[in-house]
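K.L.:
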Amino acid sequence: MGNENRIPPEAGRMGIIRLLTNLLLLQSAVLVPGLLFMRPPLELFLSAAFYSLLTVFLFFSQRLEGFGLFVSAHLIAALGSGFLLPGPYYACFFPALFFIWASFSSRADGRRRFYPSLGLLLYPIALHFLGKGLQNGRIRFLALLAEAGLSFLYILYKNAESLEHTFLAARKYVRVPYRKMSGRNSFMLICFMLPALALSAILAALLDGEALLSEAASALFQLYMGAVYLIYRLLCLLPFGSGGEAAAPSEGGDMTAALGELQAENPLLERLWLWAERLFLLFSILILLIVIRSFVKSLVSDIKAGQAEGRDIRKKLARKEKARKKGTTSESRLSFFDQSEEARVRRLYIRYLKSQPGGRNIRPSEAPEEQLKTAACVKGDPEEVRAVYEEARYGRGTGREGLLRRMRGGMG
Amino acid sequence: MLVFFIPAGILAMLLVFHLVFSAFWDKGLSANAFFDGNRIRAGEKTSLLLRFENDKRMPLPVLILEFKVRRGLHFSENENITVSDRINVIEYFSVGSQEEITRQSEILCEARGVYRIEELLVTVPEIFSRNARLMKIPSDAQLTVLPRMLQKGAVSGINELVLGEALSKKRLYEDVFTFRGIREYTARDPLSRVNWKASARTGELMVNERDYTFGQEVCFLLNVESPGIRYNGDLLEDGISIAFDAAAGCLASRIPVSMLTNGRDFATGKELFLPAGSSGGHLAAAGDILARIDLERPVREFSDIIKEMNRESGEVSISYVLISSAMGDALIREAAEFAGRRGGLIWICPQSPGQETKAIPEIITFRRVEL
Chain A
1 MGNENRIPPE AGRMGIIRLL TNLLLLQSAV LVPGLLFMRP PLELFLSAAF YSLLTVFLFF
61 SQRLEGFGLF VSAHLIAALG SGFLLPGPYY ACFFPALFFI WASFSSRADG RRRFYPSLGL
121 LLYPIALHFL GKGLQNGRIR FLALLAEAGL SFLYILYKNA ESLEHTFLAA RKYVRVPYRK
181 MSGRNSFMLI CFMLPALALS AILAALLDGE ALLSEAASAL FQLYMGAVYL IYRLLCLLPF
241 GSGGEAAAPS EGGDMTAALG ELQAENPLLE RLWLWAERLF LLFSILILLI VIRSFVKSLV
301 SDIKAGQAEG RDIRKKLARK EKARKKGTTS ESRLSFFDQS EEARVRRLYI RYLKSQPGGR
361 NIRPSEAPEE QLKTAACVKG DPEEVRAVYE EARYGRGTGR EGLLRRMRGG MG
Chain B
1001 MLVFFIPAGI LAMLLVFHLV FSAFWDKGLS ANAFFDGNRI RAGEKTSLLL RFENDKRMPL
1061 PVLILEFKVR RGLHFSENEN ITVSDRINVI EYFSVGSQEE ITRQSEILCE ARGVYRIEEL
1121 LVTVPEIFSR NARLMKIPSD AQLTVLPRML QKGAVSGINE LVLGEALSKK RLYEDVFTFR
1181 GIREYTARDP LSRVNWKASA RTGELMVNER DYTFGQEVCF LLNVESPGIR YNGDLLEDGI
1241 SIAFDAAAGC LASRIPVSML TNGRDFATGK ELFLPAGSSG GHLAAAGDIL ARIDLERPVR
1301 EFSDIIKEMN RESGEVSISY VLISSAMGDA LIREAAEFAG RRGGLIWICP QSPGQETKAI
1361 PEIITFRRVE L
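Those protein sequence lines, which keep their order, are chains A and B. Using our numbering, the letters of the first sequence map in sequence onto residues 1 to 412. Using our numbering, the letters of the second sequence map in sequence onto residues 1001 to 1371.
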């Protein structure tokens, strides 16, 4: 019994956060030398896309049981990279070294390496100084993006880790309201993240507003052009596409020149690159199916867990209840947000008095009998209205159902 | 230097969030546990209600409640309990803002006793770290599980025996609150009865005459000594159940009941005693006494208690019922003397099938009971 077979949803979320952290680190490691040596955007984009594949490989290779199998997988990946990597190898040397170190140290550390941590937040600061020293604005912008991304990933990770710790401890118990816990946790996270995002945006606008906007526009344009070209190439692989070689888009002369140069140098490389793109497509579909399956399974588990939560009796504490529990004896103000039946009855009573001929002359300090006399009621049943109001205002205990209906009846 | 300010700002916000959470997490937070009913018989079911109240705007995504209770209760969903010397129960909750949650658990009261939940431990994990906040809330939840109900046939025979004995011992007593008349003084009249005014008027000593009333009482002597080295532990529980059901029978017939036992209180360790009474709440008091007996504690030999009673003079109008599975020679001897001094003794002896019974003097009305 219990939930021993249930994987806490936060485990999946933490895995995604680690994956994003690795992506962010490796992407920046790839992009820095490229930005430094001003490589064409296409090569940069393809390199970054390829290293994304390697990051996913890193994620799944950790799950290989045998160490021999683990090493073999890396050798195959290294050989394949040697054939498939576009552009000059020096642009990829440091990222490759970084990747191998990350993979092996992650396995040695129990597969928990490169989770967002405070120490990792120093990496973008180092990039910032590198860019400042080399007077390269794009590297500094990259450092800023990496810092912002890692900071928010750190927050998300700490939150997911806390919830996972709780869920793992709760696995052997029943009647654990996982859905409500996740939902309320997300609410608290949003309550934190919104002000954090707002603060970041305000700081960005105040300190480096214009420069950030222009850098962001330039980066987005390059990303867009690179994505368009990659999608174009993928579409050419489909049966209804032209297949084989494909024409590059007219915009971005650097891309065309780079690709043409590549094809001229090595036709074998071109054929292998086509196969790599097909594998990339298949891999992407596989990843998508796994994600959808995990998402659906997580939803079903949450629904099943949520059904057990129906056994708890939940009740909202009204403000009046709160005042009663505090033992407040003085008159409490009628809150605008109080929508309980007693509050609505009180509002109707006030409306009733004000609709009477002497309604303008009533004072809050008067007792209900005095208020009715002052109002000189001519409509409805004043005694019934007074009785219902007093029951709502001062009454305690059971037998107070239907006050609203009685009040409306008394008002006529 | 935005690259510094963004992480610094986010970390500062994290610190502020942590401080706000630390300051307000326990405001308006209360928990309570209570059983559905105060008294129940062993073998019956009842409910345990756990209630949480979060009377503030800040929700608490995760809230863990733990408490301990002594063994003897069976929770219907055992996955949330661990058993050591006590039963440890853990329940998980998620409370919204200004919300009250009540969770009900069905429990089977397997064993007689008094079950208390003295403290609730509330744990609230923090949202951005693995740390947790703790709060201890005292609780006064208590459930008294009375001795289990016996088979109908077994108890009726015992009740008839006890009631018959009680009725035969009815005695006439003078009722000092009534006045019947005045007569002349005789040598047997005490001076306290002399009516001096009447004596002055008549010139001779005159005494008041009182009317009469009946007096009867049943005193149960419950011995919880173990009958031997190897014995069925249920025999002692059977004896306790017999004492309760027989007392209920007497009280239903409006016969006052008292109880004396060598059983010790689970909390204080003292021997338990119930003075005579026949009011509406006396059966509940008898049940409480019997529920509080802790059979794990060492007890005095019952023969010593009877020996002390033999040294005292006692009312012959009280019917004594000894309930004892143990049949030591000293106990038989003292019980026989007791029966001679007090005008009789009923001995009800719960035994296992096939267990040997010693010879009991005829002055004692002996009944062997196999349940």
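Cβ coordinates follow ideal geometry from the N, Cα and C atoms, glycine included. Treat the numbers as computed from the prediction; the structure is a model and nothing was measured.
Over what stretch of residues does the alpha helix (DSSP H) that includes residue 1245 (chain B) continue unbroken?
P.N.:
It spans 1234–1252 - the alpha helix (DSSP H) in which residue 1245 (chain B) sits, taken as one unbroken run.
K.L.:
Just to confirm before moving on: does the CB-CB distance between residue 1121 (chain B) and residue 1079 (chain B) stay below 7 Å?
P.N.:
Against a cut-off of 7 Å, the Cβ pair of residue 1079 (chain B) and residue 1121 (chain B) comes out as no contact.
K.L.:
Which residues, in order along the stretch 137–158 of chain A, keep a beta-carbon less than 7 Å from a beta-carbon of chain B?
P.N.:
If the cut-off is 7 Å between Cβ atoms, the stretch 137–158 of chain A has 143, 144, 147, 148, 151, 155, 158 near chain B.
K.L.:
Beta carbon of residue 1390 (chain B), beta carbon of residue 1147 (chain B): below 7 Å?
P.N.:
For residue 1390 (chain B) there is no data in the structure shown, the boundaries of chain B being 1001 and 1371.
K.L.:
Who are the neighbours of residue 1098 (chain B) on chain A, taking C-beta pairs under 7 Å?
P.N.:
Going along chain A in sequence order, the residues near residue 1098 (chain B) (Cβ under 7 Å) are 316, 317.
K.L.:
Residues of the stretch 368–396 of chain A with a CB closer than 9 Å to any CB of chain B: list them in chain order, please.
P.N.:
Listed by position, the residues of the stretch 368–396 of chain A near chain B (Cβ gap below 9 Å) amount to none.
K.L.:
Run through DSSP, which three-state label would residue 1196 (chain B) get?
P.N.:
In the structure shown, residue 1196 (chain B) sits in a helix (DSSP, three-state: H, G or I).
K.L.:
Provide the residue(s) that pair with residue 1069 (chain B) in DSSP beta bridges, ordered along the chain.
P.N.:
Its beta-bridge partners are B:1087.
K.L.:
Please go through the same chain and pick out, in chain order, the residues whose beta-carbon is closer than 7 Å to the beta-carbon of residue 413 (chain A), but skip the five residues on each side of it.
P.N.:
Examination of residue 413 (chain A) is not possible in this model, given that chain A is present from 1 through 412 alone.
K.L.:
So residue 1375 (chain B) and residue 1303 (chain B) are in contact, right, with Cβ under 8 Å, and what is the actual spacing, rounded?
P.N.:
Since the displayed chain B opens at 1001 and closes at 1371, residue 1375 (chain B) lies outside it and no answer follows.
K.L.:
Using a Cβ-Cβ distance cut-off of 7 Å, determine whether residue 1130 (chain B) contacts chain A.
P.N.:
By this cut-off, residue 1130 (chain B) is an interface position.
K.L.:
Between residue 1115 (chain B) and chain A, is there a C-beta pair that is closer than 7 Å?
P.N.:
No, residue 1115 (chain B) lies away from the interface with chain A (no Cβ there is under 7 Å from its Cβ).
K.L.:
Go to residue 1104 (chain B), then tell me how far its beta strand (DSSP E) extends in each direction, as first and last residue.
P.N.:
1099–1109 is the extent of the beta strand (DSSP E) around residue 1104 (chain B).
K.L.:
Check residue 1060 (chain B) in the structure and name its three-state DSSP category.
P.N.:
Residue 1060 (chain B): strand per DSSP, three-state reduction.
K.L.:
By a C-beta neighbour count over all protein chains shown, 10 Å radius and 16 as the cutoff for buried, is residue 1083 (chain B) buried or exposed?
P.N.:
Exposed.
K.L.:
Assuming residue 1006 (chain B) contacts residue 28 (chain A) under a Cβ cut-off of 8 Å, what Cβ separation, rounded to an integer in Å, is found between them?
P.N.:
Between residue 28 (chain A) and residue 1006 (chain B) the Cβ distance is about 15 Å, and since that is not below 8 Å, they are no contact.
K.L.:
In the stretch 182–198 of chain A, which residues sit with their C-beta less than 7 Å from some C-beta in chain B, listed in chain order?
P.N.:
Listed in sequence order: 184, 185, 187, 188, 192, 195, 196.
K.L.:
Counting only the same chain and skipping the five closest in sequence on each side, list residues whose C-beta sits under 7 Å from that of residue 1297 (chain B).
P.N.:
Taken in chain order, the residues that qualify are 1264, 1269.
K.L.:
Check whether chain B comes within 7 Å of residue 116 (chain A), counting only Cβ atoms and requiring the distance to be less than that.
P.N.:
So no, residue 116 (chain A) is outside the interface.
K.L.:
Nearest to residue 414 (chain A) by CA position, among A:144, A:382, A:392, A:140, is which residue?
P.N.:
The question about residue 414 (chain A) has no answer here: the residues shown for chain A are numbered 1 through 412.
K.L.:
Check whether chain A comes within 7 Å of residue 1059 (chain B), counting only Cβ atoms and requiring the distance to be less than that.
P.N.:
Cβ-Cβ to chain A under 7 Å: yes for residue 1059 (chain B).
K.L.:
When you compare the CB positions of residue 143 (chain A) and residue 116 (chain A), do they come within less than 7 Å of one another, or not?
P.N.:
No, the Cβ-Cβ distance between residue 143 (chain A) and residue 116 (chain A) is not below 7 Å.
K.L.:
For residue 1091 (chain B), count neighbouring C-beta atoms within 10 Å of its own C-beta (all shown protein chains included) and say buried if the count is 16 or more, exposed if not.
P.N.:
Flag for residue 1091 (chain B) reads buried.
K.L.:
Taking Cβ positions only, does residue 173 (chain A) come closer than 7 Å to chain B?
P.N.:
Yes, residue 173 (chain A) lies at the interface with chain B (some Cβ there is under 7 Å from its Cβ).
K.L.:
Does any residue of chain B have a CB that is nearer than 7 Å to the CB of residue 180 (chain A)?
P.N.:
Cβ-Cβ to chain B under 7 Å: yes for residue 180 (chain A).
K.L.:
Could you have a look at residue 956 (chain B) and say whether DSSP puts it in helix, strand or coil?
P.N.:
One cannot answer for residue 956 (chain B) here, as it falls past the ends of chain B, which runs 1001 to 1371.
K.L.:
At a CB-CB cut-off below 8 Å, which residues of chain A make contact with residue 1013 (chain B)?
P.N.:
The contacting residues are 192, 195, 196, 199.
K.L.:
Near residue 383 (chain A), which residues of its chain fall below 7 Å by C-beta distance, leaving aside the five closest residues on each side in sequence?
P.N.:
Nothing listed; no residue qualifies.
K.L.:
Let me know the beta strand (DSSP E) ranges lying completely inside the stretch 1293–1364 of chain B, each 3 residues or longer, listed in chain order.
P.N.:
Taking only runs of at least 3 residues, the beta strand (DSSP E) segments lying wholly in the stretch 1293–1364 of chain B are 1318–1324, 1345–1350.
K.L.:
For residue 1055 (chain B) and residue 1063 (chain B), what's the separation of their Cα atoms in angstroms?
P.N.:
Residue 1055 (chain B) and residue 1063 (chain B): Cα-Cα distance of roughly 14 Å.
K.L.:
Tell me whether residue 23 (chain A) sits in a helix, a strand or coil according to DSSP, three-state version.
P.N.:
Looking at residue 23 (chain A) - three-state DSSP - the assignment turns out to be helix.
K.L.:
Please tell me whether residue 1097 (chain B) and residue 1059 (chain B) are closer than 7 Å, where the distance is taken between their beta carbons.
P.N.:
Taking 7 Å as the Cβ cut-off, residue 1097 (chain B) and residue 1059 (chain B) qualify as a contacting pair.
K.L.:
Helix, strand or coil: how does DSSP classify residue 1142 (chain B) here?
P.N.:
Looking at residue 1142 (chain B) - three-state DSSP - the assignment turns out to be strand.
K.L.:
Provide the residue(s) that pair with residue 1092 (chain B) in DSSP beta bridges, ordered along the chain.
P.N.:
Answer is B:1064, bridged to residue 1092 (chain B).
K.L.:
Suppose you measure from the CA of residue 1222 (chain B) to the CA of residue 1359 (chain B); what does that come to, to the nearest Å?
P.N.:
If you take the alpha carbons of residue 1222 (chain B) and residue 1359 (chain B), they lie about 20 Å apart.
K.L.:
Within the chosen definition, does the stretch 1125–1135 of chain B reach the stretch 1183–1192 of chain B through at least 3 CB pairs nearer than 8 Å?
P.N.:
Contact between the stretch 1125–1135 of chain B and the stretch 1183–1192 of chain B is absent, because fewer than three Cβ pairs lie under 8 Å.
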